[in-house]
Each structure stands twice: as C-alpha cells, then as structure tokens.
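Residue numbers (the numbering used here), protein chains in the order written: chain A, 573 to 722; chain B, 573 to 722.
All C-beta atoms, glycine included, are put in the ideal place defined by N, C-alpha and C.
Here's the structure, in structure tokens; my notes come after.
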C-alpha cells in the first residue's frame, strides 16, 4: 500500500478484490448448539461459555484476570455475506433496514463483537459471560474494554 | 462444522489451520498518512476522516444517519501478527503485557475497533470522527452502537 498525501486517494488504493485471512485463535465451547436457541444479544439471557484458546497464544493471555471486562471478537461462520438489507430481529412487522444499521450476523464480514466478563481462567481456557455465540464459533481476538464507562 | 452436544468439544472442531477471508468494503481517507503521527486511540486528538465505501454496499448503508454513533471495524494491514507480548504504548518504562490485555494493533487478527460519530454523508462516503486509522486502512464493517449508555 502506498497511501497518497493529504487530500487522500483512498479509493485509488482500494480494490474490491483484496482479501486478508483471519486465523482463529480458538473456539467457543457453549451449551448453545443451535442457532435457533441463541439469544440475539449477550444481555438477553445468554449463558456462560468457555473460550478455548490455542495454547500457542498462552503468553498473549497471561495478563487477563477474573472480573475483567473484555471484548471478544468471533467469526460468525454460518452467516450469509451477500445480504444488503434485513428485517431487524427477523420481525416481519418491522421494515427492512440496511445491514450496517443492524447487528445482524449476516454482513460482508461476519465478525461478532461480544462484551463479556471473565469469570474463570483455567490454563488457556477462559470462562466468560454472557455469550450468545454458539458452540464451535471461531474466536479471533480478545481486547480490553477502554474508557471509564466501559 | 458439526458441534458436539452440551458439554462441548470445541477444541475437537478447532484447527489452527483454518482460515477465513475478510473482504474490505472500503477504505479510510484521512490526513493521517504516517503511522508515527497517528494517535493511539480516537479520543487522543484523532481527526475527522472519510470512510470511502464501495458503492456495491450502498443499499446496506442507506439507513445510516448523521449524528449516529457507530463502531467501525478496520483491518490494520501494517500490523505484526506474531507478537505475544508488548510494552503498552511502546513506553520503555512499562512492563511487557500479553497482547490480549492491550489494544496494540500487533495481534493475531489485527482488527481495529473505532467508536465514531457520523458527521456527514455524501453518497457512499461517510465522514466520521474521531478516527485514528491512517489513510488507506481497509474498512471491514460498520455496526450501530448498542445500549443506552453507548
């Protein structure tokens, strides 16, 4: 990439053909096994779940602590990536909305954001709550929540 | 994927060889062209920037509005992906921390999260602030911020 100077020409360096690869660092282990049973958001009755992280990343996890609030990024591997509009919460009484105005998993890059609390740490396994992602969902990243309010 | 029943066996379905591809939906157009000049976080003096979105996604953007708070996901394409520990903010006086306890761009999947306000919409271009990502950074997703506080 060779960004232009101020004034920008981002589109000249943008190609819709570019791909980057994401590499799961682990997977969700959850009693939720069926998409139909999964809450739409973590704060809607989602259970505790384990993040089973590849031990190759243990050193990267070493400063995580029980009680900490973190954002977990997942890859929602059952999502559709070609959807432009959707009815929020699949409610037939609601009008369609552009997907960037929704948290639908169906979107060009189906990355899930989940704000959770770490409730237990067992080696490279982290128990968190609440997590609405289903069993087997790939985990991409763990980030601390920033800011005084969050 | 064929998740096991309750009790889970996420690791049995986890392979560190799996890859998924992310497909940029656009790119950042910003006066920030040099990583060395970029603030560490958006609230540390980051400027306004344009998100130049591929018109193929215009319908997905149609319900975004000026004044709305959204989370922008980017692909930090200059990051290192093999880093396990880092000194926060590159401060030599601070101890190393596991990268999942930091917001360092250097991480296995260098996905940036940026909470911004939409300040202008011009076709498939969105002006947002504040944004610490540099010019040319690929944009992956735009999501509404959830919850009463955020």
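- Per DSSP, residue 632 of chain B is not a residue of any beta strand (DSSP E); the alpha helix (DSSP H) it occupies stretches across 630 to 633.
- One thing to note: residue 594 of chain A has its Cβ within 7 Å of the Cβ of residue 681 of chain B.
- Here residue 601 of chain B is bridged, per DSSP, to B/622.
- For residue 607 of chain A and residue 603 of chain B, the gap between their C-alpha atoms comes out near 43 Å.
- For residue 693 of chain A, the closest Cβ of chain B is not nearer than 7 Å.
- Sixteen is the threshold: when 16 or more other Cβ atoms of the shown chains lie within 10 Å of the Cβ of residue 707 of chain B, as they do, the residue is buried.
- For residue 639 of chain B, there are no C-beta contacts with chain A under 9 Å, since the nearest C-beta of that chain is about 13 Å from it.
- Within the same chain, 598, 624, 625, 626, 627, 629, 630 and 633 come within 8 Å of residue 696 of chain A by CB-CB distance, once the 5 residues on both sides are set aside.
- Taking 7 Å as the cut-off, the beta carbon of residue 717 of chain B is found no closer than this to the beta carbon of residue 688 of chain B.
- Sequence-distant partners of residue 670 of chain B (beyond 5 residues in either direction) whose C-beta falls short of 6 Å from its own C-beta, in its chain, are 657.
- Within the same chain, and ignoring the five residues on either side of residue 651 of chain B in sequence, the residues whose Cβ sits closer than 6 Å to its Cβ are 677, 678 and 682.
- With contacts defined as CB atoms closer than 7 Å, residue 690 of chain A and residue 638 of chain A qualify as a contacting pair.
- Residue 591 of chain B reaches chain A at 593, 594, 595 and 596, counting residues in chain order whose Cβ is nearer than 9 Å.
- Residue 697 of chain A: member of the beta strand (DSSP E) spanning 697 to 701, first to last residue.
- Proximity of residue 715 of chain A to chain B, defined by a Cβ-Cβ separation below 7 Å, is satisfied.
- The continuous beta strand (DSSP E) containing residue 716 of chain B extends over residues 710 to 716.
- In the structure shown, residue 607 of chain B falls within a helical segment according to DSSP collapsed to helix, strand and coil.
- The closest CA to that of residue 698 of chain A, considering only A/614, A/588, A/672 and A/620, is found on A/620.
- Take residue 693 of chain B, set aside five residues on each side of it, and the residues of its chain with a beta-carbon closer than 7 Å to its own are 636 and 638, in chain order.
- In the DSSP secondary-structure assignment, residue 693 of chain B is bridged to B/698.
- Of the residues assessed, residue 686 of chain A falls on the buried side of the cut-off, its CB having 16 or more other CB atoms within 10 angstroms.
- With a threshold of 7 Å between beta carbons, residue 704 of chain B makes no contact with chain A.
- Within its own chain, the residues whose Cβ lies closer than 8 Å to the Cβ of residue 660 of chain B, once the five positions on either side in sequence are excluded, are 666, 669, 674 and 676, listed in chain order.
- Between residue 681 of chain A and chain B, the shortest Cβ-Cβ separation is below 7 Å.
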